[in-house]
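Residues 426 to 681, numbered by the working numbering, are exactly what the sequence shown covers, in order.
Built from N, CA and C at the ideal position, the CB exists for glycine as well.
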Amino acid sequence: MRAVGIHPDVVVATSRVWQTTCVLLRSGEEAFCIDSPVFPDELELLPTLAGQAGFRVVGRLATHGDWDHLLAGYAFADAPLGAAESTAARLADEPGAAQRELRAFDDEHYVERPGPLTLPSPQSLPVPGHCGIGDRELDVLPADGHTRDGMALWAPWAGVLVCGDYLSPVEIPMVTSPGAYLATLARLEPLVEQAEWVVPGHGAALEGTRAAAILREDRAYVEALRDRGADAPLPPARRTSAQRAIHAENVERCTG
Ligand SMILES: [Zn+2]
């Protein structure tokens, strides 16, 4: 796991698998853990990482309800979980889904965990809205289209946008609804333009200008997916066989 401080109040940890990111974010005496790394040793290290940074983690947040973003309970068991209303509803609709998918991943990769995943029903955050942390507030924006749920978080004092599974430098858009996806990109755009850093759900933290370039590529791809289906060209730097497989799944979901 790689850990990088991008601001005195923001540490980004990146998992060895899928470059899944976890953000430790502080204001004053309080810190949140947003999303999670995946492997047990990475999760075990998180409290130490927070301690070294001088962050006291009082809550965890999940940008959306995909299982690989929901594992921070292994690191901060006592910290309550907050999520968008849409994510709280999704988790209530799909009881046990995250646990099943985690178990399938662990079985495939021979990963042993200290115990089963416990996932309390999250506190719902109003979206769009604000979420208090220390003496400040995060702006919370809806971010759907990748999945039917989700939120992005903007820390104005740090100029940091944590956007969930959008704007990844390593993964093409995974799309369930092109219209919702494009609306999310439009909502993120003005924040990306003023951001110092954008932290996508997968891949390294991006400087604002680089994130803006990815946003333009992703918009072009999703528009082409909507209009041309399978013929949509992939973003230039993301044309590996794994990304072509994601494209095929997008076509299936969005045009089928
Ligand atoms: Zn993800």
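Option in the options with minimal Cα separation from residue i
i, options, result
"His627", "Cys679, Phe480, Trp443", "Trp443"
"Glu618", "Leu607, Ala514, His489, Leu631", "Leu631"
"Ala608", "Leu542, Leu566, Pro462", "Leu566"
"Arg485", "Ala497, Ala478, Asp493, Gly479", "Ala497"
"Gln548", "Ala508, Ala611, Tyr606", "Ala508"
"Trp622", "Val595, Pro598, Trp582", "Trp582"
"Ala500", "Ile459, Asp531, Thr488, Gly490", "Ile459"
"Thr601", "His571, Pro505, Met576", "His571"
"Val552", "Pro465, Asn675, Thr488", "Thr488"
"Asp564", "Gly584, Tyr591, Asp574, Pro545", "Gly584"
Pairwise C-alpha distance: residue j and residue i
i, j, result
"Ala657", "Leu650", "5 Å"
"Glu642", "Leu613", "14 Å"
"Glu596", "Ala514", "26 Å"
"Ala673", "Ala655", "7 Å"
"Asp518", "Gly557", "27 Å"
"Pro660", "Met576", "24 Å"
"Arg441", "Leu470", "13 Å"
"Arg561", "Gly453", "8 Å"
Enclosing alpha helix (DSSP H) for residue i [first to last residue]
i, result
"Asp531", "522-534"
"Gln668", "666-680"
"Arg383", "Given that the chain is displayed from residue 426 to residue 681, the structure contains no residue 383 and the question cannot be resolved."
Span of the beta strand (DSSP E), counted from its first residue to its last, around residue i
i, result
"Glu564", "The sequence shown places Asp at residue 564, rather than the Glu named in the question. Where Asp564 is concerned, the enclosing beta strand (DSSP E) stretches over 561-567."
"Glu618", "Segment 603-619 is the alpha helix (DSSP H) holding Glu618; no beta strand (DSSP E) there."
"Leu506", "506-509"
"Glu467", "Looking at the DSSP string, Glu467 is not in any beta strand (DSSP E); the run it does join, the alpha helix (DSSP H), is 465-478."
"Arg441", "Run containing Arg441: none; DSSP gives neither H nor E here."
"Val552", "Where Val552 is concerned, there is no enclosing beta strand (DSSP E), given that its DSSP letter is neither H nor E."
"Leu578", "576-580"
"Ala428", "427-432"
key: Residues whose Cβ lies closer than 6 Å to any heavy atom of ligand 1, in chain order   = Asp491, Asp493, His494, Asp590, Gly626, His627
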